[in-house]
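Engineer: The opening residue of the sequence shown carries number -11 in my numbering; numbering runs sequentially from there.
From the three backbone atoms N, C-alpha and C, an ideal C-beta is built for every residue, glycine too.
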Amino acid sequence: MKSFLKFNEVNPRVYDQFKEIANLYISKGERRIKAETICEIIRFQLMKEFNDEHKFIRFFAQDYAKKFENDFPQHVGIFTKRLVNFELED
-11 MKSFLKFNEV NPRVYDQFKE IANLYISKGE RRIKAETICE IIRFQLMKEF
39 NDEHKFIRFF AQDYAKKFEN DFPQHVGIFT KRLVNFELED
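(1) Given a threshold of 16 other Cβ atoms within 10 Å of its Cβ, counted over all protein chains shown, does Phe47 qualify as buried or as exposed?
(2) Assuming Phe32 is part of the alpha helix (DSSP H), what are its boundary residues?
(3) Can you have a look at Val64 and say buried or exposed, based on whether 16 or more other CB atoms are within 10 angstroms of its CB?
(4) Measure the alpha-carbon distance for Ile30 versus Phe6 and round it to whole angstroms.
(5) Phe56: which of Val2, Met35, Lys36 and Gly17 sits nearest, CA to CA?
(6) Mind checking whether Ala23 and Phe(-5) have CB atoms under 8 Å apart?
Set out below in structure tokens:
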């Protein structure tokens, strides 16, 4: 989470774009959105401007989804979440 906070602090426009694209999907009536898809759209747009500085945006997809849902609680649950399957050893 620390690396996300640092990345977001240095690159605030990435979250601005994330919000813009998420709200576009919401306004079109989408009920479920993949944060990874939004991050890939942003990454593609930024590739035109930067070399590969933003290639790891997709690693923060779930963090951006959580931040969006915290900032806009009326949209909690809009993003699909990955379930982690693991077993605890006895």
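Structural biologist: Looking at the coordinates:
(1) exposed
(2) Ala23 to Met35
(3) exposed
(4) 7 Å
(5) Val2
(6) no
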